[in-house]
Structures are given as structure tokens and as C-alpha cells.
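In this note's numbering, the protein residues as written are 2 to 213.
Quick reminder that beta carbons are idealized off the backbone N, C-alpha and C, glycines included.
Shown next as C-alpha cells:
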């Protein structure tokens, strides 16, 4: 009952969108945070599974699910911002790997401002084994792509080409990208990942002119 009460209090506090957050002087209730973060991960990933695997991005009904996804993302971001402001990016040894994924997924699906704010701490934790280094590599690639720069690990694809086909975003030193991917824990080569995404991959791909 005590555990349930603390979870209800935490969820209620995360739902108070208009209230200013305050730094806590109390030790975080990691069990409660774990449950809340795992639920946020489930919502984030479930709507994307439905959209991509069941409905399809090219379906005439995709718009409805994209809107649902955007609403879920917005709600998750508000709640995660409260957690980040109070406790920072929590080490995965304290909340578990699945709950720790919530920090990555929700920040990754937010905007460049939130990513830039928290990426240095994410990278620091990944370097000491307290966050997923593969996920960290993916966020670094996405930040570089959004800034119009070449990515490092080849994890990001976009419809940036004139033919509008999904393609792997240009990679810095593409010849050695698979070595870097292996070091960061990726299971697939860049070629295999491109095939999985049904994306075009060109080792010599250049940045779009408008981003130069």
C-alpha cells in the first residue's frame, strides 16, 4: 500500500504541467520512478510498433496514429522534464536498464534543445557503464544530423535526397564506420541496418547542399 501510494503521488506530481518544479532534498524513490519510467517507455514504443508494423507509414490511416504518437511524446516529455529537473539523468544501476531507456527514448523523440541540454550527461554516464552506449551513439548521430553535419555511426536515415527516398545520412569516415559501430555495441553493420530500414546506403553520400 505504501509503494502504491508513493507511485500515485509521483504520477500526480508529474501531471501538474503548470506548476514550477523544485529541487528535491529527499532521496529519490527509485522503485516508484522505475514503474513510472517503464510505463513511459511502453507508451513510447507501443505506438511506434502499431504505426510502423501494423498500420504502416504509407497507410491513409497513418495520420491518426502519428497524432497519437505526438500526443504521447508531448505528455512523456513534460513528465520526464520534471524527473530530470529534480533528479537529473539517473544511473541505470539505480532504476534498472528498462526504466533507464525512458530517458533515452523520450529525449531522443523530443527536440534539439532538450537533446543538447542532456546529451553531455548521457555521454558521461554511458562512458562509465551507467547508460546504454549504443543508444548514446544514436543520439549523437541524430544531433549531428539535425545540425546538418555528417554522423559518426550511421544510425540515422532520412528522406534528404532529391529523389525523396529514405537514405542513410552521410557518414564521416564511412570506410571505418562498422569498426566504430562494433565498439559502441551495434549488432548490425551499417549495410545490414540500412537493409533493415529499407534505406539506400551510399558510402560516398554527400551532405545536402542546403545544409552546407
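Going by other Cβ atoms of all chains shown within 10 Å of its Cβ, with 16 needed for buried, is residue 24 buried or exposed?
The pLDDT assigned to residue 24 is 46, lower than 50, so where the model puts this residue is not dependable; a value taken from the coordinates is nonetheless given after this. Counting the other CB atoms within 10 Å of its CB gives residue 24 a total below 16, which places it among the exposed residues.
Can you tell me whether residue 172 is helix, strand or coil according to DSSP?
Residue 172 carries a strand assignment under DSSP once its states are collapsed to helix, strand and coil.
Closer than 8 angstroms by C-beta to residue 66: which residues in its own chain qualify, once you throw out the five before and the five after it? Chain order, please.
Contacts found: 48, 51, 52, 56.
Using the Cα positions of residue 81 and residue 44, report the straight-line distance between them to the nearest angstrom.
Approximately 13 angstroms between the Cα atoms of the pair.
Distance, residue 99 Cα to residue 41 Cα:
When rounded, the distance between both Cα atoms is 10 angstroms.
Do you know how far the Cα of residue 186 is from the Cα of residue 175?
As the crow flies, the alpha-carbon of residue 175 is around 17 angstroms from that of residue 186.
Give me, in chain order, the residues of the same chain whose beta-carbon lies closer than 6 angstroms to that of residue 84; leave out the 5 immediate sequence neighbours on both sides.
Around residue 84: no qualifying Cβ.
Tell me the rounded alpha-carbon separation between residue 208 and residue 122.
Cα-Cα distance, rounded: 28 angstroms.
Is residue 156 closer than 8 angstroms to residue 142 when the C-beta atoms are compared?
It is a contact, given that the beta carbons lie within the stated cut-off.
Thinking residue 153 and residue 145 are a contact (beta carbons under 8 angstroms), I'd like their distance in whole angstroms, please.
Indeed they touch by this definition, with Cβ atoms about 7 angstroms apart.
Coarse secondary structure for residue 136, derived from DSSP in three states:
Helix at residue 136.
Rounded distance between the beta-carbons of residue 201 and residue 167, thought under 8 angstroms:
Contact between residue 167 and residue 201 holds: their C-beta atoms lie close to 7 angstroms from each other, under 8 angstroms.
Which same chain residues, not among the five before or five after residue 181, have their C-beta less than 7 angstroms away from its C-beta?
Around residue 181: 153, 154.
Mind checking which residues open and close the alpha helix (DSSP H) that includes residue 113?
Per DSSP, the continuous alpha helix (DSSP H) segment holding residue 113 begins and ends at 113-128.
Figure out for me which residue from 148, 196, 34, 77 has the closest Cα to the Cα of residue 95.
Ranking the options by Cα distance to residue 95, first place goes to 34.
Local Cβ density within 10 Å of residue 163, reported as buried at 16 or more and exposed below that
Exposure of residue 163 is indicated by the presence of fewer than 16 other C-beta atoms within 10 angstroms of its C-beta.
Following the continuous alpha helix (DSSP H) through residue 152, name the residue where it begins and the one where it ends.
Taken as a continuous stretch (DSSP letters only), residue 152 belongs to no alpha helix (DSSP H), as it is neither H nor E.
Residue 60 (DSSP reduced to helix, strand or coil):
Coil.
For residue 205, which residues from the same chain have a beta carbon less than 8 angstroms from its beta carbon, with the 5 sequence-adjacent residues on both sides left out?
For residue 205, where only same-chain residues beyond five positions count, the Cβ hits under 8 angstroms are 175.
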